[in-house]
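Input: a single structure, listed below in structure tokens.
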Amino acid sequence: MRRWHPPAATVLARRRWFARHLLAYAVGNALAVVVWSAVGLVTGAWFPWPLLSLAGWGLLVHLHSWWAYGPASRMVTETTIPGRTPPGPS
1365 MRRWHPPAAT VLARRRWFAR HLLAYAVGNA LAVVVWSAVG LVTGAWFPWP LLSLAGWGLL
1425 VHLHSWWAYG PASRMVTETT IPGRTPPGPS
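Numbers 1365 to 1454, taken from the numbering used here, label the letters of the sequence shown in order.
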């Protein structure tokens, strides 16, 4: 029995979406750590609340990476799609 694979264009769209999600995760949590540090310096309250968003959101990012790079999409690249060229400088 053959295993179903999503179309290559769908896989590439998932990977681009994951890259945006990963960037938002990094920026959002960096901002949370900066805010936590500033509040800790001013008030002396050092409860590590950014760890909650790092762990929770990190789990979602991990699941998103599995969805984007899972076993059904391992062999897809930009050159797999006929008539498409990889993005980047021309």
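Even glycine gets a Cβ: it sits at the ideal position worked out from N, Cα and C.
Cβ-Cβ distance between residue i and residue j below 7 angstroms
i, j, result
"A1394", "P1414", "no"
"W1431", "Y1389", "no"
"S1429", "F1382", "yes"
Residue interval of the alpha helix (DSSP H) (run including residue i)
i, result
"A1390", "A1372 to T1407"
"H1369", "It is not in any alpha helix (DSSP H) - H1369 carries neither H nor E in the DSSP assignment."
"P1414", "P1414 to Y1433"
Neighbour-count burial assignment, residue i, 16 or more Cβ in a 10 Å radius
i, result
"L1376", "buried"
"R1378", "buried"
Check: residue i C-beta below 6 angstroms from any heavy atom of the ligand HEM
i, result
"V1403", "With respect to the ligand HEM, the structure offers nothing, as it holds no ligand at all."
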